[in-house]
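Scroll down for the structure; my scribbles are underneath it.
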Amino acid sequence: MARVALVTGGTRGIGGAISKALQAAGYKVAANYAGNDEAAAKFKAETGIPVFKFDVGDFDASAAGVAAVEGEVGGIDILVNNAGITRDGFFHKMTKDQWSAVIRTNLDSLFNVTRPVIDGMRARSFGRIVVISSINGQKGQMGQVNYSASKAGDIGFVKALAQENANKGITVNAICPGYIGTEMVAAIDPEVLKAKILPQIPVGRLGDPSEIARAVVFLASDEGGFITGSTLTINGGQYFA
Ligand code: NDP
Numbered sequence: 010m011a012r013v014a015l016v017t018g019g020t021r022g023i024g025g026a027i028s029k030a031l032q033a034a035g036y037k038v039a040a041n042y043a044g045n046d047e048a049a050a051k052f053k054a055e056t057g058i059p060v061f062k063f064d065v066g067d068f069d070a071s072a073a074g075v076a077a078v079e080g081e082v083g084g085i086d087i088l089v090n091n092a093g094i095t096r097d098g099f100f101h102k103m104t105k106d107q108w109s110a111v112i113r114t115n116l117d118s119l120f121n122v123t124r125p126v127i128d129g130m131r132a133r134s135f136g137r138i139v140v141i142s143s144i145n146g147q148k149g150q151m152g153q154v155n156y157s158a159s160k161a162g163d164i165g166f167v168k169a170l171a172q173e174n175a176n177k178g179i180t181v182n183a184i185c186p187g188y189i190g191t192e193m194v195a196a197i198d199p200e201v202l203k204a205k206i207l208p209q210i211p212v213g214r215l216g217d218p219s220e221i222a223r224a225v226v227f228l229a230s231d232e233g234g235f236i237t238g239s240t241l242t243i244n245g246g247q248y249f250a
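For the sequence shown, my numbering assigns the number 10 to the initial residue and increments by one for each residue that follows.
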């Protein structure tokens, strides 16, 4: 029986690439999204992957979303906590709303989605949890105190949860992408990208979402079973954690 994977924010960007790569690797995939119905419908039509709309920042909505996935697709064996947002601004100008939106979507979501999933994984003695963190959680990024804090939080979450569940066949790992060519990066001024960001990347280009997706497929596999609590850095040589 094919294992079941849930990818949060799995209908576009890095998450979309992860959903497609897991499907190609033989998993039954469910893709979550927040509100972009058009992108989700297009993704579903193209891939046949069922989509589930719920806000990962809301515990009750996430618990109901996980129950819907488990009812329609099956018990979740692989959870990819990928959904994330930015609300950039210097800290001395940052509003409470900018802070809270990022913490709830990027960090509270780890509790909200993983908590309803973990009991099933423990009962079945198998699980793979991958959290998509960021280079900016490792090194910090000016203008992103909220985002850097949330993404550094991902890494602590992974290290602690990995220890608690290692004896239950469950691995928990973080991936820290550098700059990847998605809509999140398209929001950056192209002149800033060319003049300031690309020169920092020794490989000389943005990463492709598929380059993150392939790493998720490996971590999800049986062969990845001895890798837990780790942080995988995929950033074209920009920063060595
Ligand atoms: P995108 O903005 O392209 O896509 C974000 C996805 O997350 C969408 O599917 C969106 O749903 C979903 N989402 C956002 N908020 C919520 C929510 N509250 N509940 C459920 N789903 C939500 O992002 P990327 O693909 O660029 O980023 C994916 C992850 O990778 C993020 O965690 C990001 O921080 C991280 N990352 C990205 C990097 C990059 O260079 N792009 C670099 C390092 C890390 P909808 O379509 O409905 O809006």
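Where is the CB? At the ideal position from N, CA and C, for every residue including glycine.
Would you kindly work out how many angstroms separate the C-alpha atoms of residue 237 and residue 164, rounded to a whole number? 12 Å
Residue 27 versus residue 100: straight-line alpha-carbon distance, rounded: 32 Å
Inter-residue spacing [alpha-carbon to alpha-carbon] between residue 178 and residue 102: 45 Å
Leaving out the 5 sequence neighbours to the left and right, which residues in its chain are closer than 6 Å to residue 139 when beta-carbon positions are compared? 89, 182, 225 and 228
Alpha carbon to alpha carbon, what distance is there between residue 97 and residue 202? 15 Å
Residue 123: beta carbon under 7 Å from a heavy atom of the ligand NDP? no
Looking only at C-alpha atoms, which of 94, 51, 40 and 83 sits nearest to residue 62? 40
Does the beta-carbon of residue 48, which I'm using as the reference point, lie nearer than 7 Å to any heavy atom of the ligand NDP? yes
Just mark residue 147 as buried or exposed, buried being the case when its beta carbon has 16 or more other beta carbons within 10 Å. buried
Could you give the residue range of the beta strand (DSSP E) that holds residue 137? 136-141
Mind reading off the beta-carbon distance from residue 233 to residue 215? Whole number of angstroms is fine, and I expect it under 8 Å. Rounded, the Cβ-Cβ distance is 26 Å, inconsistent with contact.
Do residue 79 and residue 59 have their C-beta atoms closer together than 8 Å? no
By the three-class DSSP mapping on this structure, what secondary structure does residue 156 have? helix
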